[in-house]
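In what follows, a structure is listed as structure tokens, so that the remarks can point back to it.
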Amino acid sequence: MKKQLKLLAAVTLIFTTFAAHAAEPLALQQVMKDLGKNMQIVTDGISREDWTLVEHSAHLIGEHPEAPLSEKVRIMAFMGSNMGKFKSFDGQTHEAAHEMAEAAQEKDGQKVIATFQKLQIGCLACHQAFRPAFVAHFYGKSAN
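Numbered by my numbering, the letters in the sequence shown go through residues 2 to 145 in order.
Written out as structure tokens, the structure is:
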């Protein structure tokens, strides 16, 4: 009987915790907002050929913070078998951002633009693959 009560208490605590978190914005939401701002800064830097700004922003994109562990667990549970694809998109983001930082350091505008395009294509592909279901699941609303 004690084991059953402890198990019931643990399950209740877990579900209460998940329910409380369901209404809160994920830390990943702020990470995405910051990535968007840094992408806009890169666009500005490219247009002004400010390679130092582009390099700095590319590093911020490539080294963006990760979600806290508790949030990662929720995301992994939601993603299920798609988690590998999701992680692959994140890896592409890191790789393209680091390539862009190197190109900016070399002051190679053509290469900066090519790597920025690669970065944007990766972001778009990830958003198209996951954003609608992700937003609906975690926020209960449409992604648009």
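Glycine included, every Cβ here is placed at the ideal spot set by N, Cα and C.
- A residue is called buried once 16 or more other Cβ atoms fall within 10 Å of its Cβ, and G123 is buried on that count.
- It is roughly 37 Å from the alpha-carbon of M80 to the alpha-carbon of S48.
- Around the C-beta of E100, 16 or more other C-beta atoms lie within 10 Å, and the residue is accordingly described as buried.
- DSSP, reduced to helix, strand and coil, places G63 within a helical segment of the structure shown.
- DSSP places L27 outside both helix and strand once states are collapsed to three, so it counts as coil.
- For secondary structure counted as the beta strand (DSSP E) over 3 or more consecutive residues, the region 71-143 holds no complete run.
- Using a C-beta cut-off of 8 Å, the region 57-64 makes no contact with the region 23-32, since fewer than three inter-stretch Cβ pairs fall below that distance.
- When Cβ pairs closer than 8 Å are counted between the two stretches, the region 85-98 is seen to touch the region 124-138, the count reaching three or more.
- Taken through DSSP and simplified to helix, strand or coil, E56 comes out as helix.
- Within a 10 Å sphere around the beta-carbon of R132 sit fewer than 16 other beta-carbons, which makes this residue exposed.
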